[in-house]
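There are 2 protein chains.
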Amino acid sequence: MANHSHTFPRSDTLQGESPALPEDPSRRRFIQGTIASSAALGHLGAASLAYAQTALQRSTISHYHVPATDQTVHWGYFSKSLKPLVEVESGDFVTIETVTHHAYDDYERMIKGDPSVESIYYWDQTRKGVNRRGAGPIDASLFGRGAGEGLGVHICTGPVAITGAEPGDILEVRILDLKPRPCANPTYKGKSFGSNAAAWWGFHYNDMLEEPKPREVITIYEVDTTGERDWARALYNFRWVPQTDPFGVVHKTIDYPGVPVDHSKVQENWGVLKKVRIPIRPHFGVLGVAPQEADIVDSIPPSYTGGNIDNWRIGKGATMYYPVAVPGALFSAGDPHASQGDSELCGTAIECSLTGTFQFILHKQATLKGTALESLTYPLLETQTEFLVHGFSFPNYLADLGPSAQSDIYKKSSVDLALRDAFRKMRHFLMTTQGLSEDEAVSLMSVGVDFGVTQVVDGNWGMHAIVKKSLFTGGES
Amino acid sequence: MANHSHTFPRSDTLQGESPALPEDPSRRRFIQGTIASSAALGHLGAASLAYAQTALQRSTISHYHVPATDQTVHWGYFSKSLKPLVEVESGDFVTIETVTHHAYDDYERMIKGDPSVESIYYWDQTRKGVNRRGAGPIDASLFGRGAGEGLGVHICTGPVAITGAEPGDILEVRILDLKPRPCANPTYKGKSFGSNAAAWWGFHYNDMLEEPKPREVITIYEVDTTGERDWARALYNFRWVPQTDPFGVVHKTIDYPGVPVDHSKVQENWGVLKKVRIPIRPHFGVLGVAPQEADIVDSIPPSYTGGNIDNWRIGKGATMYYPVAVPGALFSAGDPHASQGDSELCGTAIECSLTGTFQFILHKQATLKGTALESLTYPLLETQTEFLVHGFSFPNYLADLGPSAQSDIYKKSSVDLALRDAFRKMRHFLMTTQGLSEDEAVSLMSVGVDFGVTQVVDGNWGMHAIVKKSLFTGGES
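Chains as they are written, first to last, in this note's numbering: chain A, 312 to 788; chain B, 312 to 788.
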């Protein structure tokens, strides 16, 4: 098997890590090891949904590198109309850089000295590196916040097209590797940083104890870049005060992504959460394919095509399965997190730039009949030990809520609805992939499946259901 | 230190296990070992809420044994008016037998040959072993189901009074040991069994795919008694058909606990969930103290005094903290489960009789000032590695909903409300026990606390929040 390395053609802004990963012997071993272990998955029988043979039938596997720059990101939206950065074949690997949309909360630690990130966040009186931020009107005629109106906030890298993908197919996305983006500012060499914003869209916002009420608070966290520590720590926090962007718009709240925070105007409180270690759980808040229901779709509410699911288990070693909705699938990645709790209660995680390596496996609709992936209409997560389904208040809100879905979704969500959807999806999963009757599935869900809160801050609220693979390894012994 | 063994005075019906646990050398070592490790808890500092010294100041520790018989259980309700079976001092141990209220789903496997359980379930044309089942009218004038009307279903053993306990104190309850009750029928020697009822109060009930709709389904599980296997397996299931109780009342649905199931009238389907192993998580669905708001309280909705919390983490090694609401605290145990998933989706767990050994530590109100237990107004769970708070749709529904609370609670619950309460309680926990500011607590909750579904089937729905103790072991290194 040969590994061919490709760097995304417009990668002239690429910095840092070499794109030629396969030429690094340790990397080559890593990738080959991955393929070998994927093949082994076939032996797990009913406990595995992956059929790695699809990839292995090819004699040439390519590895692409997609940097995150002002030319390669789409900020705050998914769109089936976006031109793919690269088209890959089933089985190929793609390393994708992702940049957090909260980096300007601390320019010194999360932007400065990193040309790629600088290019994305560039904003002077006449020009922004990336003008559109969100799915709103480009002329900001709705709220006057800025182009795209911040109706969608995530810096998404992509899309990556998968050759031959069509609606009805399933795209399997394996997350093979993932690591924090090192700080490029020499002052903080060897470190990485993230930001947590307790913001107006948080579950806590109208339910505070202390004055002033309400308030938005940003906490800056330090994350270990080397991977030696499994915890992050808080450095300082500050309360948001009105910030004037370079175009002169005043942002009284965190209503538009990438607004430069003027640290001369905020009060930094150092030594917060002093004795607390946050276990790290690096993952992507946003991974998904383009929906077909609308041309430009707010990146915040997750849906059947994935997107902003915000499940911390979507990290290294995990595999996602998405229903393909448009030709080419059009996969994008963003919203990188160093850690998050189930619920993402205050509105955000530790938002921290990450680079991930993915393998894409396309399962054509015609090959799905009789397999575990037949009739999969929702994003499914497989980890080493578990399967997870993702329930949303509205499983496909763009279709469910009609023409005004993109605004209505913010008014209609509830945890109760999301739990209902997670129940239905887990029942479907157990009945289709494990061959259980409805009575068996319902009993099993009550005695052996765990339901938890994914997030209550993304418009379309999410609940997940977790079933361990070890349940299906045989009842007798 | 001396161990004095007491058997509950009315234990003439006790069978099986010897009550004289301390005379078994291995048991003695176990208990002493427990006390030693409790003392060690004092070294955990901020990460531990337990102050075992309270118990160790006494030179005499007693160990009581409370069997479950028709004379020692209260079925379907808590009451501050119940005469205590035994009064113990802070530091004492009590072994409490608990019997599942679903045993009559399979008389052969869960009742037959066990005189204690037979006495509880006894029911002929003229007499029931335990007449009142539930908090409803004793003359069944409301629905005609039976005495107590099944408004409350759990067979609770107790109450145990704690000497000197008064409202405002905190009762710490340590679960030191817990094991399934072995089947007493020689045909099934060495095995234990449990029942899972997918019932009309389940989250799935009005949302089924297959006919007939709706339906109630009972699945009988086999549980390993020896402790060598960490999984249970399903044996068979059957659909509920109308059952006529010995008094002649027809129960079209599972509307009254302990109705004998006539197996000549049901269709047993063997071989269900054939290749599935259910991980066991033995725990008590119901542990709690008597509330003060009403005299006789339905055992189903959990509240600030605990009760039917249905969190599978309330098992061996766990410690619960309850606010004492009435003199003596009046602790009872019931609703034993062999396993349950987060949500208890279909209405029940694997309902399986268990015997537990508990230690009670009383924390007097005057000693709480400045400690982690000050101002604790909700049931708190501590495990080896985690703290959990329990949120409910209504934190104290008896007070929150007024005079008709006991019926209204079944109409007003939502997961959204329970999540709101869990958020508030976790914020309170972090601010009071860890000394965090509100801003610190809110950020930490979003990046390092996990919110999950405890149950959505107990009237007062529950969500929990989990924070790992390892977070508080020091931020620097």
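Note that CB positions come from ideal geometry on N, CA and C, so glycine has one too.
Here V597/A carries a strand assignment [DSSP, helix/strand/coil]. Within the segment 660-748 of chain B, the alpha helix (DSSP H) runs of at least 4 residues that lie entirely inside it are, in chain order, 708-711, 716-723 and 726-744. One Cα belongs to S718/B, the other to M631/A, and the distance between them is close to 44 Å. Taking each of A543/B, L396/B and P612/B in turn and checking the Cα distance to T474/B, the smallest one comes out for L396/B. For R485/A, the uninterrupted beta strand (DSSP E) run begins and ends at I481 to P491, by DSSP. One thing to note: G479/A has its Cβ no nearer than 9 Å to the Cβ of F671/A. Contact check for R438/B and V560/B: beta-carbon distance about 15 Å, past the 8 Å limit, so the pair fails to qualify. Contact annotation: in the segment 749-761 of chain B, residues whose CB is within less than 8 Å of a CB in chain A are E749, D750, E751, V753, S754, L755, M756, S757, V758, G759, V760 and D761. By the rule that beta-carbons nearer than 9 Å mark a contact, A710/A does not touch chain B. By the criterion of a C-beta distance shorter than 6 Å, Q436/B is surrounded in its chain by P557, once the five residues flanking it on both sides are discounted. Around the beta carbon of S654/A, 16 or more other beta carbons sit within 10 angstroms, so the residue counts as buried.
A Cβ-Cβ contact shorter than 9 Å links N619/A with P612/A. Note on geometry: alpha-carbon atoms of E749/B and M742/B lie some 7 Å from one another. Note on the segment 539-594 of chain A: whole beta strand (DSSP E) runs with a minimum of 3 residues are 542-550, in chain order.
Rounded to the nearest angstrom, the gap between the Cα atoms of K736/A and H412/A is 31 Å.
With 16 or more neighbouring CB atoms inside 10 Å of its own CB, N707/B falls in the buried class. Contacts with chain B (Cβ-Cβ distance below 9 Å) from the segment 546-558 of chain A involve N548 and R550, listed in chain order. Leaving aside the five residues that flank L709/B on each side, the residues in its chain whose CB is nearer than 8 Å to its CB run, in chain order, P602, E604, A605, V608, S614, A716 and Q717. One Cα belongs to W386/A, the other to V767/B, and the distance between them is close to 38 Å.
Rounded to whole angstroms, the separation of the alpha carbons of N517/B and V597/A is 34 Å. Distances from the alpha-carbon of Q695/A to those of S781/A, A649/A and G652/A put S781/A closest.
At a cut-off of 9 Å, the C-beta of E697/A has no neighbouring C-beta in chain B.
Cβ-Cβ distances below 6 Å link D761/A to I777 in the same chain, with the five nearest sequence neighbours on each side left out; the list follows chain order. Taking each of L684/B, L487/B and D416/B in turn and checking the Cα distance to I625/B, the smallest one comes out for L487/B. For S373/B, no alpha helix (DSSP H) segment is defined; the enclosing uninterrupted segment is the beta strand (DSSP E) at T371 to V377. Apart from sequence neighbours up to five positions away, the residues of its chain that approach F698/A with a beta-carbon distance below 6 Å are V778, ordered along the chain.
Taking 8 Å as the upper bound for CB-CB distance, I407/A and P634/A are not in contact here, some 21 Å apart.
The three-state secondary structure of I431/B, taken from DSSP, is helix.
The alpha-carbon separation between H376/A and F669/A amounts to approximately 10 Å. C663/B has its alpha-carbon roughly 19 Å from the corresponding atom of E751/A. With respect to chain B, the C-beta atom of D518/A has a partner C-beta closer than 9 Å.
What F671/B touches in chain A, judged by beta-carbon distance under 9 Å, is nothing: the nearest beta carbon there is about 30 Å away.
In this model, S650/A and A543/A are separated by some 8 Å (Cα to Cα). As a beta-bridge residue in DSSP terms, G645/B pairs with C467/B and V597/B. Within 9 Å of the CB of H413/B, no CB atom of chain A is found; the nearest one sits about 13 Å away.
The C-beta distance from V384/A to V441/A rounds to 6 Å, short enough to fall under 8 Å.
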